[in-house]
Structures are given as C-alpha cells and as structure tokens.
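S.K.: Numbering (our numbering), first residue to last: 187 to 936.
For each residue, glycine too, the CB sits at the ideal point set by N, CA and C.
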C-alpha cells in the first residue's frame with residue numbers, strides 16, 4: 187500500500203480503550219463537579235446559620251432594656267416582649283442543636299435513593315466492544331482491564347436490587363393502562379356494530395378472490411400450445427420467407443379438432459357474438475386469455491421489456507410526432523406531420539409536440555430553398571408556426587421541439603444525430619408517432635421507443651427500396667435495406683401505417699391514406715368552381731409538373747415519355763417547377779433530346795401563378811402517396827398519373843386519369859387538354875381534407891381506443907398503467923421483438 191505520509195490507523199482495541207477512557211474521565215468530572223457543588227451548598231448553609239444566630243442574638247439583646255424600663259417604654263410593648271421571649275428561647279435552643287443542621291442539609295442535598303439506572307448504557311457499550319479488546323472494570327477510579335467481560339463497579343448501598351427508577355416505573359404503568367383501554371370499548375367500541383369492519387373484510391376478500399369458474403375451464407392441450415407458438419412465430423417465419431397463408435392453415439388445422447370445445451368451455455355468453463365470423467385466430471386468442479384468466483396470472487414485464495412508464499402530472503395524454511424533415515423544406519415528411527400536429531392539437535383533448543430536426547448553417551444552405559437559413563431554433567419555430575397558421579386558419583396550439591440532424595448528401599435525406607428519444611421529456615413520453623419509422627431508426631442507438639412510450643405508431647412515407655434500386659449495386663442494397671426496415675419497424679413500433687401498397691410489406695402494418703391536403707387548396711378549388719359557374723374562364727394555361735428536381739421523383743419517367751412520343755405530342759409544352767441536386771443534369775438531358783420543357787424555379791403549389799393550369803402531370807412510380815397529386819385534385823384540376831399502387835386512393839376521383847402504357851399517356855394527355863374537369867362534390871372535398879384524414883388516422887392506428895374510452899371521454903395515463911398490468915403473458919413475438927431491438931442496439935454501439 188502506498189504511504190502518503192499519514193499516521194497509521196490505530197488498532198480497534200486501542201480505539202476502544204481511548205473511547206472507554208474518555209467516558210470514564212467524563213463520569214469522574216461529573217461526579218467531582220457534583221461533589222464540589224454539594225460542598226459549596228453546605229458552606230453557604232453554615233454561613234446562613236451563623237448570620238441568623240447573630241441577628242437573633244442582637245434582637246434579644248435589644249429587647250432586654252424593655253424589661254427594665256420604667257417610664258419611657260409603653261405598657262403594650264413590654265407585654266409583647268414578655269410573651270415572645272420564651273418562644274425565642276425555645277427556637278434558639280432547637281436551632282443550635284446539631285440535629286437541626288443535619289436535617290436541613292439533608293433536605294437540601296440530593297437524595298441518595300434517586301439514581302439513574304445506567305444498565306442500558308452499559309449494555310450498549312458492552313455490545314460495541316470487541317471480545318478481543320480484553321476485560322474492563324468500570325469503577326469509581328475509571329475503567330481498568332479485568333476478567334472476561336465488561337463490569338460496572340458500584341458503590342455499596344447505592345443500588346438496591348430489583349428496584350426500578352421511579353419515572354420508568356410510571357411510564358410502564360401508563361403503557362399498560364393504554365393497552366387495556368385500547369382493547370376496551372372506550373376507544374374502538376364505536377366501530378362495533380357499524381359497516382366499517384364489514385366493508386374492510388369485503389375489500390380484502392375481493393383482493394384475494396379466487397378466479398371464477400376456474401374449475402370449469404380445461405387446460406391447454408399440446409395442439410393448442412403448438413398452434414399458439416406457430417401463431418406468435420409468424421413474424422419470424424416472414425423473415426425466413428415462409429408465407430403467412432401457410433402458417434394460418436397450420437394453425438387452423440391444429441385448432442379445428444377442438445373447435446367445439448373452444449366454443450363451449452373458453453367463451454362466455456358475452457363473448458359468443460364476437461366470434462360469429464368463424465375466425466379461428468380470434469377463438470384461439472379467447473381460449474388462451476380465458477385459461478390465463480382462470481389462473482389469476484398477470485404479466486408484469488419480462489427480460490426484453492420494461493412496462494414502467496412515467497406517469498404525467500396531469501390527466502391529459504401526450505402525443506409526440508417525430509419526423510425527419512422540417513420547413514422550409516417543402517417535402518412531404520415536413521408538411522404532412524406539421525398538419526397532423528395542428529389537427530390533433532385542435533381538439534385540445536391531448537397535448538401534442540412536433541419534434542423536427544435542427545440543421546447546422548451549412549446543411550441549411552444545402553436543403554432549404556432560396557438560401558433561407560436560421561440562426562436559432564426559436565427563429566425557425568416562428569417561421570413554421572406562421573406558415574401553418576396562415577393555411578389552417580386557426581392557432582396551432584402545439585409544442586415544437588428540435589433534435590440534432592445531419593444532411594446526408596448520398597442519401598439526400600436528414601439523419602438523426604444521436605438518441606432522438608432523449609429530446610422528449612419523460613413526463614411527455616406517452617404516445618409516439620414516428621413519421622418514417624425505418625428512416626428514424628436506421629442508426630438509432632438509444633432507448634427503445636416501445637419501452638419509453640405506451641403506444642408507438644409508425645407512418646411510412648417513402649418507398650426507399652425504389653430509390654435504392656436505381657443506385658449502383660441497387661438490387662443487393664435493396665435486399666439489405668428491406669430486412670433492416672423489417673427489423674427496426676417491428677422492434678420499435680406497435681402499429682405501422684402504410685400510405686399505399688407501393689411500400690414494402692412491413693410487420694404490424696396496415697394500408698390507409700392518413701394524409702389530407704392543405705385547406706388553402708380546397709379554398710382555391712371552391713373559388714375556381716365559383717368562377718366557372720359565373721361563366722368565367724378558370725384555366726388559361728395547359729399542363730405543368732411540380733416536384734423536387736431529382737431523377738427519382740419522376741423526372742426520368744417524364745423525359746422517357748416525352749422523348750418517345752415527341753411526334754405524337756407536337757405543340758405540347760410542359761412547364762416544370764422544382765429545385766434539387768439533379769437540376770443541371772435534368773435540364774441538360776432535356777435540351778439534348780430537344781424536349782419542349784420549360785424549367786422554372788420551384789415554388790409553393792398554392793402560389794397564384796399555378797392556379798391557371800388545367801392539367802397536372804405526375805409520371806412518378808417511386809412515390810408512396812404524392813401530396814402534389816392530392817393538392818391538384820383539391821384545386822379542381824385534371825391529374826394524369828401512372829396506374830400505380832401509389833395512386834390507388836385517387837382513382838375514385840373523376841378528374842384522375844391514369845395510364846398503364848406510354849401510348850395511354852398520350853391518350854390521357856389529349857383527353858385532359860381537350861375537356862374541362864368536373865367540380866368536386868362536398869363529399870369528395872371532405873375526403874381530401876385533413877379532418878377526414880385525422881379521423882382515418884385515429885381509427886386505423888387504434889389511437890381512438892388509446893385516447894378515448896367507450897363513452898368517447900378522454901382517458902388518463904393512470905388507466906394506461908392498469909392496462910399494462912393486465913397483460914397476461916409475453917408473447918413469443920414480444921420476446922423476438924425485444925431481442926431484435928437489443929441486437930440492433932448492440933450493433934450500433936459497436
């Protein structure tokens with residue numbers, strides 16, 4: 187051990203000796219001080235006695251002349267002196283005796299019988315002394331080593347065996363009296379005969395109540411357990427390439443033998459209507475739930491999961507919308523989450539936070555149009571609020587938070603830098619909406635979203651596989667990205683919404699368009715319809731295309747179509763609006779092919795200069811759901827687009843003209859240029875609105891069930907805690923999801 191110049195620590199025995207020596211010295215000092223005080227009191231008593239004797243003697247001497255006085259003294263005074271003189275003589279005789287002084291001093295001095303029982307202190311000291319210290323004798327002269335234990339030497343006659351200190355005896359007596367009273371009717375007699383005790387008994391019985399009908403539910407057999415295992419392993423089989431239909435048939439064959447028993451044993455009369463559709467999966471779920479309920483088992487979390495969520499201080503639910511882009515970048519992942527936040531917050535039934543990336547100055551110059559930059563997040567937040575409030579027409583009552591992001595030029599997208607979950611405070615970590623969940627979690631190496639949040643919803647915006655296939659070694663990269671997307675969405679989301687079937691089939695996903703259009707576009711469409719009713723010419727221009735100027739956004743398809751049918755579309759001119767990384771290359775290619783394209787700077791689709799166009803052209807097959815197409819339909823224009831899954835939602839609108847081949851494209855373009863579009867009906871306008879999109883989102887994401895109860899009232903977060911505790915068992919799928927999340931975390935930590 188390194189010696190730092192400090193004194194070595196003394197052994198334990200030496201320390202104990204010092205401690206006991208200190209106590210002994212203190213005890214002697216107290217005793218000596220008490221003796222000195224007693225001597226002083228005795229000296230003062232003697233001086234007082236002497237002074238009293240002198241005063242009494244002077245008084246008697248002064249009274250003697252009265253007895254011999256003849257003329258000067260009055261008769262009453264003489265009689266008074268004669269009466270008290272015998273009494274004074276008796277008093278002097280009594281107080282001059284030695285017994286009088288002794289009795290007075292005894293009354294003033296402390297009584298030797300009143301002593302403090304220090305056995306408790308003695309035992310405490312003895313318990314702290316190690317046996318190796320030796321043997322001690324604690325007597326009048328202090329502690330000294332002796333014998334095999336610690337002794338306390340007592341003066342003879344100072345302690346009477348079996349006699350307690352008076353205060354202790356009184357305290358024990360009072361405690362015994364209180365115990366007798368507590369058992370009597372005087373204190374608790376009022377509860378007898380009342381409902382208090384009965385209610386308490388009933389509450390205790392309800393807590394430990396045995397499950398009802400536990401004896402009537404038979405246990406699971408081998409076929410049911412095997413069917414449930416296969417059912418829970420379906421996502422794993424998806425990764426291995428085994429189709430879901432095969433798994434469903436195996437489960438159905440295993441459960442078909444006991445179908446009658448499932449209906450008779452595991453379902454109550456209330457549950458019977460739920461299974462009218464003869465769904466074997468629902469029957470199996472009810473069977474498993476009923477057996478687990480009969481055992482009284484409740485799952486509290488497992489190895490991979492952590493159900494301890496932070497409870498909020500208030501009863502309102504919190505919704506955090508996390509996205510990968512922000513205004514003024516006019517992209518779908520910046521605009522649509524912004525409108526979603528505004529319309530979810532409009533109901534005021536839940537608190538909403540929009541979480542967007544913050545870029546450094548150099549990245550802002552690369553991403554944001556017209557060299558627009560911000561020096562602080564507060565400045566960008568003000569820009570975002572002004573933009574959305576001008577378009578929705580009401581105050582955007584939601585919070586905006588920022589997380590650090592980095593623009594990846596090779597991917598043309600913003601990548602989160604660090605753990606995004608840490609920028610959402612724990613008391614707001616309730617419901618998370620991940621816009622582009624695969625994008626947000628490619629490099630995620632923080633807390634698992636489903637561990638921090640009670641409910642996590644992913645909204646897939648982009649068909650990344652289509653973009654990656656266009657790159658070098660695209661097929662191989664697309665294969666890897668496909669499985670990575672499956673992994674991260676499954677590990678970090680409870681529910682996934684795909685805007686269209688153009689995206690890859692992800693675990694836990696459903697297809698639904700949960701996007702609407704800016705209310706400003708619907709207003710423009712209403713104004714155009716009013717102008718047409720008045721007989722005015724609403725559309726004075728032909729066709730246009732608007733989009734970010736990168737090859738994957740439909741520019742390659744557009745140039746191929748126009749170059750292939752240049753002769754069929756003579757005199758056709760197309761105005762193209764957009765900015766982007768590939769703008770120079772796209773324009774150079776168009777000039778080489780001598781295409782009649784007029785390239786213009788990108789602008790907002792609601793700009794006044796675009797109102798007069800009649801036809802919007804969108805040949806892109808990489809989109810998931812083109813926002814510009816919905817905006818053009820809302821303004822009452824024709825839309826010519828490819829017959830592609832990304833456009834399935836728009837087929838119901840009469841002004842949407844789709845084509846399958848390049849020849850069909852020419853036919854649809856001529857049809858649109860030669861005719862006038864039909865005005866939208868009120869139902870069609872509502873379908874395109876954000877109000878309708880928000881309702882579709884709440885229903886499809888099952889957020890309605892999370893936010894509201896059966897009566898339509900908002901739920902609080904305490905009920906979420908109870909719901910988590912009511913989960914009966916961790917499914918095999920949950921264990922696999924947790925393992926995938928852990929593996930993903932470890933991979934990125936490396």
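Using 7 Å as the threshold, is the C-beta distance between residue 765 and residue 543 below it?
M.R.: no
S.K.: Just checking, does the stretch 772-792 make contact with the stretch 736-750 on the three C-beta pairs under 8 Å criterion?
M.R.: yes
S.K.: Does residue 717 come out as helix, strand or coil in the three-state DSSP assignment?
M.R.: Residue 717: helix per DSSP, three-state reduction.
S.K.: Between the alpha carbons of residue 340 and residue 240, how many angstroms are there, rounded?
M.R.: Note that residue 340 scores a pLDDT of 41, beneath 50, so its modelled location is shaky; the value from the coordinates is reported in the next line. Approximately 44 Å between the Cα atoms of the pair.
S.K.: Taking all protein chains shown into account, do 16 or more other C-beta atoms lie within 10 angstroms of the C-beta of residue 508, making it buried, or fewer, making it exposed?
M.R.: buried
S.K.: Nearest by alpha-carbon distance to residue 823: which of 362, 807 and 798 is it?
M.R.: 798
S.K.: Would you identify the three-state DSSP class for residue 622, choosing helix, strand or coil?
M.R.: coil
S.K.: Within 8 Å, do at least three Cβ pairs link the stretch 845-859 to the stretch 714-727?
M.R.: No, because fewer than three Cβ pairs between the stretch 714-727 and the stretch 845-859 fall closer than 8 Å, the two stretches do not touch.
S.K.: Does residue 759 pass the burial test, meaning 16 or more other C-beta atoms within 10 Å, or should it be called exposed?
M.R.: exposed
S.K.: Looking only at its chain, what residues have a beta carbon closer than 7 Å to the beta carbon of residue 551, apart from the 5 residues adjacent to it on each side?
M.R.: 557 and 559, listed in sequence order.
S.K.: Report the three-state DSSP secondary structure of residue 872 (helix, strand or coil).
M.R.: helix
S.K.: In its own chain, which residues sit with a C-beta less than 8 Å from the C-beta of residue 606, not counting the 5 before and 5 after it?
M.R.: 508, 541, 589, 626, 630 and 632
S.K.: Which residues does DSSP list as the beta-bridge partners of residue 732?
M.R.: 763
S.K.: Taking the alpha carbon of residue 757 as the reference point, which residue from 741, 780 and 743 has its own alpha carbon closest?
M.R.: 780
S.K.: Does residue 378 come out as helix, strand or coil in the three-state DSSP assignment?
M.R.: Here residue 378 scores only 45 on pLDDT, less than 50, and its place in the model should not be relied on; the value that follows carries that caveat. It is coil, neither helix nor strand.
S.K.: Using the DSSP secondary-structure output, state which residues sit across from residue 161 in a beta bridge.
M.R.: No statement about residue 161 is possible, as the shown extent of the chain runs from 187 to 936 and does not include it.
S.K.: Around the Cβ of residue 937, are there at least 16 other Cβ atoms within 10 angstroms (buried) or fewer (exposed)?
M.R.: A query on residue 937 cannot be resolved here, the shown segment of the chain reaching from 187 to 936 and no further.
S.K.: Measuring straight from C-alpha to C-alpha, what distance separates residue 853 and residue 768?
M.R.: 29 Å
S.K.: Where does residue 546 land, buried or exposed, given buried means 16+ other C-beta within 10 angstroms?
M.R.: exposed
S.K.: Taking DSSP as the reference, what is the three-state secondary structure of residue 228?
M.R.: helix
S.K.: Less than 7 Å between the C-beta atoms of residue 707 and residue 576, yes or no?
M.R.: no
S.K.: In three-state DSSP terms, what is residue 541?
M.R.: strand
S.K.: Measuring straight from C-alpha to C-alpha, what distance separates residue 518 and residue 813?
M.R.: CA-CA distance, residue 518 to residue 813, rounds to 7 Å.
S.K.: Can you say whether residue 810 is buried or exposed, counting buried as having 16 or more other CB atoms within 10 angstroms of its CB?
M.R.: buried
S.K.: Please determine if the stretch 636-645 and the stretch 560-579 are in contact, where contact requires at least 3 C-beta pairs separated by less than 8 Å.
M.R.: no
S.K.: In the structure shown, what three-state DSSP assignment does residue 563 receive?
M.R.: DSSP places residue 563 in the helix class (H, G or I) of the three-state scheme.
S.K.: From residue 800 to residue 761, what distance separates their C-alpha atoms?
M.R.: 12 Å
S.K.: Less than 7 Å between the beta carbons of residue 705 and residue 825, yes or no?
M.R.: No, they are not a contact pair.
S.K.: Residue 885: which of 802, 874 and 681 sits nearest, CA to CA?
M.R.: Of the listed residues, the one whose Cα sits closest to residue 885 is 681.
S.K.: According to DSSP, is residue 558 part of a helix, a strand, or is it coil?
M.R.: coil
S.K.: Taking the DSSP output, what are the residues bridged to residue 645?
M.R.: 621 and 683
S.K.: Determine, using beta carbons only, whether residue 821 and residue 654 come nearer to each other than 7 Å.
M.R.: no
S.K.: Tell me whether the beta-carbon of residue 441 lies closer than 7 Å to the beta-carbon of residue 415.
M.R.: Residue 441 places its beta carbon 7 Å or farther from that of residue 415.
S.K.: Would you mind giving the Cβ-Cβ distance between residue 743 and residue 805, rounded to the nearest angstrom? I have them listed as a contact below 8 Å.
M.R.: 4 Å
S.K.: Where does residue 505 sit, in a helix, a strand or coil, going by DSSP?
M.R.: Shown here, residue 505 sits in a strand according to DSSP, grouped into three states.
S.K.: Where do the ends of the alpha helix (DSSP H) carrying residue 844 lie?
M.R.: From DSSP, residue 844 is part of no alpha helix (DSSP H) but of the beta strand (DSSP E) over 842-845.
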